[in-house]
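Asks: Quick one: the structure is below, questions incoming.
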Amino acid sequence: MKIDFDWKPLALVPLLALGVLPFIGSGSTWLTLTVAGLAMGMIIFIIASGLTLIFGLMDVLNFGHGVFIALGAFVATTVLGLMGDWTGSAELWRNLLAVFVAMLVAMAVSGAVGLAFERFIVRPVYGQHLKQILITMGGMIIGEELIKVIWGPQQIALPLPEALRGAVLLGDSAIEKYRLLAVLVGGAVFALLAWTLNRTKIGLLIRAGVQDREMVESLGYRIRRLFVGVFVVGSALAGLGGVMWGMYQQNVVPQMGAQVNVLIFIVIIIGGLGSTGGALMGALLVGLMANYTGFLLPKVALFSNIALMVAILLWRPQGVYPVANR
Amino acid sequence: MSSELLKLDSVHTHIGAYHILHGVDLVLPRGELTMLLGRNGAGKTTILRTIMGLWHASQGSITFGERDITRLATPDIAGLGIAYVPENMGIFSDLSVKENMLLAARSARRASQMDEQRLKWIFSLFPAVEKFWNHPAGKLSGGQKQMLAVARSIVEPRELLIVDEPSKGLAPAIINNMIDAFGELRATGTTLLLVEQNINFAKRLGDRVAVMDNGRVVHAGAMQAFADDEELQHKLLGLAI
Numbered sequence: 001m002k003i004d005f006d007w008k009p010l011a012l013v014p015l016l017a018l019g020v021l022p023f024i025g026s027g028s029t030w031l032t033l034t035v036a037g038l039a040m041g042m043i044i045f046i047i048a049s050g051l052t053l054i055f056g057l058m059d060v061l062n063f064g065h066g067v068f069i070a071l072g073a074f075v076a077t078t079v080l081g082l083m084g085d086w087t088g089s090a091e092l093w094r095n096l097l098a099v100f101v102a103m104l105v106a107m108a109v110s111g112a113v114g115l116a117f118e119r120f121i122v123r124p125v126y127g128q129h130l131k132q133i134l135i136t137m138g139g140m141i142i143g144e145e146l147i148k149v150i151w152g153p154q155q156i157a158l159p160l161p162e163a164l165r166g167a168v169l170l171g172d173s174a175i176e177k178y179r180l181l182a183v184l185v186g187g188a189v190f191a192l193l194a195w196t197l198n199r200t201k202i203g204l205l206i207r208a209g210v211q212d213r214e215m216v217e218s219l220g221y222r223i224r225r226l227f228v229g230v231f232v233v234g235s236a237l238a239g240l241g242g243v244m245w246g247m248y249q250q251n252v253v254p255q256m257g258a259q260v261n262v263l264i265f266i267v268i269i270i271g272g273l274g275s276t277g278g279a280l281m282g283a284l285l286v287g288l289m290a291n292y293t294g295f296l297l298p299k300v301a302l303f304s305n306i307a308l309m310v311a312i313l314l315w316r317p318q319g320v321y322p323v324a325n326r
Numbered sequence: 001m002s003s004e005l006l007k008l009d010s011v012h013t014h015i016g017a018y019h020i021l022h023g024v025d026l027v028l029p030r031g032e033l034t035m036l037l038g039r040n041g042a043g044k045t046t047i048l049r050t051i052m053g054l055w056h057a058s059q060g061s062i063t064f065g066e067r068d069i070t071r072l073a074t075p076d077i078a079g080l081g082i083a084y085v086p087e088n089m090g091i092f093s094d095l096s097v098k099e100n101m102l103l104a105a106r107s108a109r110r111a112s113q114m115d116e117q118r119l120k121w122i123f124s125l126f127p128a129v130e131k132f133w134n135h136p137a138g139k140l141s142g143g144q145k146q147m148l149a150v151a152r153s154i155v156e157p158r159e160l161l162i163v164d165e166p167s168k169g170l171a172p173a174i175i176n177n178m179i180d181a182f183g184e185l186r187a188t189g190t191t192l193l194l195v196e197q198n199i200n201f202a203k204r205l206g207d208r209v210a211v212m213d214n215g216r217v218v219h220a221g222a223m224q225a226f227a228d229d230e231e232l233q234h235k236l237l238g239l240a241i
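Sequence lines, in order, name chains C and R. When the letters of the first sequence are read in order and numbered with my numbering, they come out as residues 1 to 326. When the letters of the second sequence are read in order and numbered with my numbering, they come out as residues 1 to 241.
Take a look at the structure:
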């Protein structure tokens with residue numbers, strides 16, 4: 001029996017990147033855009049990975065996922081504000097430590113709020129998609145208003161720490177340092193998720209639960225506890241993504257979650273609902289597409305990711321890596 | 001210890017607005033293999049799902065050993081020692097054969113922690129499970145998937161094994177393999193409840209038989225007596241023998 005890995009979706013990322021090279025013309029510009037696209041893609045992946053697992057395992061359409069992004073970003077403004085000496089230092093390790101602390105606190109707060117969100121907003125509407133959409137959107141609106149109460153309605157700057165500003169030169173290309181960090185963090189999150197999902201019993205249960213929840217219960221496992229755990233982790237990842245996204249934009253607004261929501265839903269639909277690997281592919285494609293079209297055809301940049309999703313769904317109606325039994 | 005392992009007493013089950021089981025009485029003697037027969041739509045699968053807590057009984061009681069399991073959640077029922085193989089086999093097709101087995105081994109966190117002796121015994125019953133150990137379960141044939149489903153259900157000792165249509169769509173050679181495997185399981189003291197449409201399979205394997213019609217058990221007794229009574233078979237199952 002032959003074990004075949006589906007490599008075609010993997011080829012889409014280099015195909016897209018190489019396909020636009022003749023249109024961009026300049027190699028250095030192309031490299032700058034490509035790294036920017038990969039960095040954006042990795043941040044979107046961090047956010048979307050939690051959402052795709054929540055949908056895949058729990059069959060919950062959580063339109064309130066965006067509120068955890070905003071929450072993570074606002075928590076980061078507070079933490080990094082309190083660590084001004086560390087972020088203002090020219091020493092890279094002090095900057096990184098400050099960002100790391102901000103990430104941890106943002107994840108803890110988003111995870112804790114996610115626990116309450118699951119208990120009081122999502123749990124009463126398990127299995128009812130229409131109600132899930134309405135109530136989670138309502139939850140997001142309430143969350144945004146609470147953020148305004150705590151941090152105010154105005155935009156707050158989230159400047160990069162001193163040593164993470166600027167760019168490194170690679171030939172004629174200027175690669176922003178922060179984007180390299182984003183690629184590294186995204187890669188680390190993916191590696192950790194892949195290890196957990198593929199090498200641990202919890203991961204095995206999650207992968208099995210995505211395919212057939214009822215059978216997992218019939219084998220003696222309490223999938224409700226797994227649901228709660230995945231929801232909390234998904235919310236914490238959204239919080240982490242919010243920190244990364246806020247630093248990428250260098251400012252945060254209470255509505256930022258709603259703004260990113262569309263992108264992350266495109267990503268998880270492209271990837272195949274419930275697929276972490278698919279979410280990575282989808283996020284990288286979306287990140288690259290946004291940057292290339294932003295440079296080549298700025299007027300169609302907003303539409304380009306929708307077009308990308310439509311094209312991929314015409315090729316693979318269930319996404320690039322569909323999860324079996326869904 | 002009671003000789004009855006599982007007892008259903010006047011069990012009614014509703015699915016939404018539909019009343020499927022209309023007061024089922026059924027007793028499974030410990031260590032015996034009971035065949036549950038009946039026409040399509042008689043309620044056989046609903047009984048199995050009600051026992052497992054996947055659908056809850058609206059009236060009546062289900063007792064496993066000395067314990068009332070009528071209101072227990074599915075994981076708790078499974079935890080008491082009941083293994084269930086649904087009609088669609090419940091194979092996790094994105095996982096490998098090994099991962100499917102590991103999932104069912106609740107006490108093992110890694111494949112290396114599974115009971116080696118028991119695995120060897122399972123491999124002797126179902127060689128395909130060993131042959132395709134690292135392969136994706138979704139790539140197996142229908143018969144191999146059924147073997148995996150049964151192998152998975154017995155990866156750790158269970159008191160009761162319930163299987164929904166184990167011979168459905170299988171080639172005769174694989175059906176014989178299944179009959180041998182269920183026979184060995186019974187010999188180890190495992191109690192079995194199998195839903196079947198294949199009357200010959202049922203006759204070869206069953207100690208006891210229960211026949212359902214319209215959501216009720218309309219006949220229960222020894223399989224031998226049922227097998228010998230062609231008129232009764234014709235009356236209950238509509239078989240032209």
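Built from N, CA and C at the ideal position, the CB exists for glycine as well. Just so we're clear, the structure is a prediction, and the values are computed from it rather than from any experiment.
Taking only the alpha-carbon atoms, compute the straight-line gap between R:GLN113 and R:GLY53 and give it to the nearest angstrom.
Replies: When rounded, the distance between both Cα atoms is 29 Å.
Asks: Between R:LEU263 and chain C, is any beta-carbon pair separated by less than 8 Å?
Replies: This structure cannot speak to residue 263 of chain R, because chain R is shown only from 1 to 241.
Asks: Report the three-state DSSP secondary structure of R:GLY183 (helix, strand or coil).
Replies: Three-state DSSP puts R:GLY183 in a helix.
Asks: Indicate whether C:ALA238 and C:GLY81 have their beta-carbon atoms separated by less than 8 Å.
Replies: No; because the gap between Cβ atoms is not below 8 Å, this pair is not in contact.
Asks: Taking the alpha carbon of C:TRP30 as the reference point, which residue from C:LEU10, C:ILE175, C:ALA76 has its own alpha carbon closest?
Replies: Checked all of C:LEU10, C:ILE175, C:ALA76; the closest Cα to C:TRP30 is C:ILE175.
Asks: The alpha helix (DSSP H) with R:SER116 in it runs from where to where?
Replies: In the sequence under discussion, the amino acid at residue 116 of chain R is Glu, which differs from the Ser named in the question. Counting along the chain, the alpha helix (DSSP H) containing R:GLU116 begins and ends at 116–125.
Asks: Tell me whether the beta-carbon of C:LEU181 lies closer than 8 Å to the beta-carbon of C:LEU164.
Replies: Yes. Within cutoff.
Asks: What's the C-alpha gap between R:GLY221 and C:MET58?
Replies: Roughly 43 Å between the two C-alpha positions.
Asks: Does the CB of R:ILE241 have a neighbour CB from chain C at under 8 Å?
Replies: Low local confidence applies: a pLDDT of 41 at R:ILE241 is under 50, so the model's placement there is unreliable, and no value is given.
Asks: Shorter than 8 Å from the beta carbon of C:ASN325 to some beta carbon of chain R?
Replies: Unreliable placement is indicated for C:ASN325, whose pLDDT of 49 sits below 50; no coordinate value is reported for it.
Asks: If you draw a straight line from the C-alpha of C:PHE5 to the C-alpha of R:SER153, how long is it?
Replies: Taking the straight line from one Cα to the other gives about 29 Å.
Asks: I want to see whether chain R comes within less than 8 Å of C:LYS201, judged by CB atoms only; does it?
Replies: Closer than 8 Å: yes.
Asks: Do C:SER49 and C:ALA279 have their C-beta atoms closer together than 8 Å?
Replies: Yes, Cβ-Cβ distance for C:SER49 and C:ALA279 is below 8 Å.
Asks: Going by C-alpha distance, which of R:ALA187, R:GLU165, R:GLU184, R:ALA202 is nearest R:THR244?
Replies: With chain R running from 1 to 241 in the structure shown, residue 244 of chain R is simply not present.
Asks: Measuring straight from C-alpha to C-alpha, what distance separates R:ALA240 and R:ALA225?
Replies: In this prediction, R:ALA240 has a pLDDT of 46, which is less than 50 and means its spatial position is unreliable; what the coordinates show is noted afterwards. Roughly 18 Å between the two C-alpha positions.
Asks: Under 7 Å between beta-carbons, which chain R residues line up against C:GLU217? List them in chain order, please.
Replies: In chain order: THR74, PRO75.
Asks: Find the residues of chain C that neighbour R:GLY79, judging by a C-beta separation of less than 8 Å, and give them in chain order.
Replies: Correct list: GLY220.
Asks: I'd like to know whether the C-beta of C:ARG207 is nearer than 8 Å to at least one C-beta of chain R.
Replies: Output row for C:ARG207: interface = yes.
Asks: For R:GLY16, would you say it is in contact with chain C, using Cβ-to-Cβ distances shorter than 8 Å as the test?
Replies: Chain C, which has no Cβ nearer than 8 Å to the Cβ of R:GLY16, makes this no.
Asks: Grouping DSSP H, G and I as helix and E and B as strand, with all else coil, what is C:GLY27?
Replies: Residue state, collapsed to three classes: helix.
Asks: In chain R, what lies closer than 8 Å to C:LEU204 by C-beta?
Replies: Ordered by position in chain R, the residues that pass the 8 Å Cβ test against C:LEU204 are LEU95, GLU99, LEU102, LEU103.
Asks: What three-state label does DSSP hand C:ASN325 in the structure shown?
Replies: For C:ASN325, the predicted structure reports a pLDDT of 49, less than 50, and the residue's modelled location is therefore unreliable. A value from the coordinates is still provided. Coil, per DSSP.
Asks: Which chain R residues are close to C:ASP212, counting only those with a beta carbon under 8 Å from its beta carbon?
Replies: By Cβ distance, chain R contributes GLY90, PHE92.
Asks: I'd like to confirm the pairing. Which residues does DSSP put opposite R:ALA57 in its beta bridges?
Replies: DSSP output for R:ALA57 lists R:THR13 as bridge partner(s).
Asks: Between the stretch 172–190 of chain R and chain C, which residues of the former have CB atoms less than 7 Å from a CB of the latter, in chain order?
Replies: Of all residues in the stretch 172–190 of chain R, none has a Cβ within less than 7 Å of some Cβ in chain C.
Asks: What do you get for R:TYR18, buried or exposed, if any count of 16 or more other CB atoms within 10 angstroms of its CB means buried?
Replies: So R:TYR18 counts as exposed.
Asks: Can you tell me which of the three DSSP states R:GLU165 falls into?
Replies: Of the three classes helix, strand and coil, the one that applies to R:GLU165 here is coil, per DSSP.
Asks: At a Cβ threshold of 8 Å, is R:ARG109 touching chain C?
Replies: Yes, contact with chain C.
Asks: Need the endpoints of the alpha helix (DSSP H) that C:ARG179 sits in, please.
Replies: Counting along the chain, the alpha helix (DSSP H) containing C:ARG179 begins and ends at 177–199.
Asks: Take R:THR13 and list the residues in its own chain whose beta-carbon comes closer than 7 Å to its own, dropping the five residues that flank it on each side.
Replies: ILE20, LEU21, THR46, THR50, TRP55, ALA57, SER58.
Asks: How do the stretch 30–40 of chain R and the stretch 199–210 of chain R stand: do at least 3 beta-carbon pairs fall below 8 Å, yes or no?
Replies: Segments in contact, yes.
Asks: Can you confirm whether R:ARG106, when its beta carbon is compared against all beta carbons of chain C, has any partner nearer than 8 Å?
Replies: Yes, R:ARG106 counts as interfacial toward chain C.
Asks: Within 10 angstroms of the Cβ of R:GLN117, are there 16 or more other Cβ atoms? Answer buried if so, exposed if not.
Replies: R:GLN117 comes out exposed.
Asks: Pick from C:VAL320, C:GLY143, C:VAL105, C:LEU92: whose alpha carbon is nearest that of C:ALA116?
Replies: Selected option, being the one with the closest Cα: C:GLY143.
Asks: If I follow the unbroken beta strand (DSSP E) through R:HIS219, where does it start and stop?
Replies: Where R:HIS219 is concerned, the enclosing beta strand (DSSP E) stretches over 216–222.
Asks: Along the chain, where does the alpha helix (DSSP H) containing R:PRO75 start, and where does it finish?
Replies: R:PRO75 -> alpha helix (DSSP H) spans 74–79.
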